[in-house]
Amino acid sequence: MTTTSRSSGLLMAGFLATGIVIHVGGPAAAETPDRLGAAEFAQAPADATRRFDITAQPLAEALKAFGRQSGWQFSYPAGLTKGLRSQPVSGDLPPAAALRILLGGTGVSWQSTGPGTVA
-6 MTTTSRSSGL LMAGFLATGI VIHVGGPAAA ETPDRLGAAE FAQAPADATR
44 RFDITAQPLA EALKAFGRQS GWQFSYPAGL TKGLRSQPVS GDLPPAAALR
94 ILLGGTGVSW QSTGPGTVA
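Each residue of the sequence shown is one higher than the one before, counting from -6 in our numbering.
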């Protein structure tokens, strides 16, 4: 479930009928109150490992930490994370693997649908 695109790629994750939109590199297209991450994505493959140190916490806060540590930028509907907690993520991992761990047990899921895209 990793992407291989070096250029900006749109990643979408779903939670029932709502979803998370993730942009790898470049500015996030959606302007919402829950826009995450200001870090620029390094010019490295999306499956390159990065260092993660995210504690179990409210999912909204964990996603902010994930955005800072991965360089991924994304937005999601405000109610998506309400009442949900993340799993802890620690170690050197590809961002996609870290996100999969972080979302474990939340009901928020995503899968690869092609290069640079998940749904």
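Here a beta-carbon is modelled for each residue, glycine too, at the ideal position from N, C-alpha and C. Here the structure is a predicted model, which is why all the values come from computation and not from measurement.
Using a Cβ-Cβ cutoff of less than 7 Å, which residues in the same chain neighbour residue i once the five nearest sequence positions on both sides are dropped?
i	result
Ala10	The predicted position of Ala10 is uncertain, since its pLDDT is 35 and thus under 50; a value taken from the coordinates is nonetheless stated next. Excluding residues within five positions, none has a Cβ falling inside 7 Å.
Since I believe residue j is in contact with residue i (beta carbons under 8 Å), could you give me their beta-carbon distance rounded to a whole number of angstroms?
i	j	result
Leu86	Thr48	With 8 Å as the limit, Leu86 and Thr48 do not qualify as a contact, their Cβ atoms being about 15 Å apart.
Just grab the DSSP bridge partners of residue i for me.
i	result
Gln80	Answer by DSSP bridge pairing: none, since Gln80 is not bridged.
Phe59	Per DSSP, none; premise fails for Phe59.
Leu96	According to DSSP, Leu96 bridges with nothing at all.
Leu86	Arg43
Less than 8 Å separating the beta-carbons of residue i and residue j?
i	j	result
Ala55	Leu92	no
Ser118	Asp46	Because the chain here runs from -6 to 112, residue 118 falls outside it and cannot be looked at.
Thr74	Ala89	no
Give me, in chain order, the residues of the same chain whose beta-carbon lies closer than 6 Å to that of residue i; leave out the 5 immediate sequence neighbours on both sides.
i	result
Ala58	Ile47
Arg44	Asp85
Ala31	With a pLDDT of 35 at Ala31, under the threshold of 50, the modelled position of this residue cannot be trusted; read the value that follows with caution. Around Ala31: no qualifying Cβ.
Gln62	Phe45
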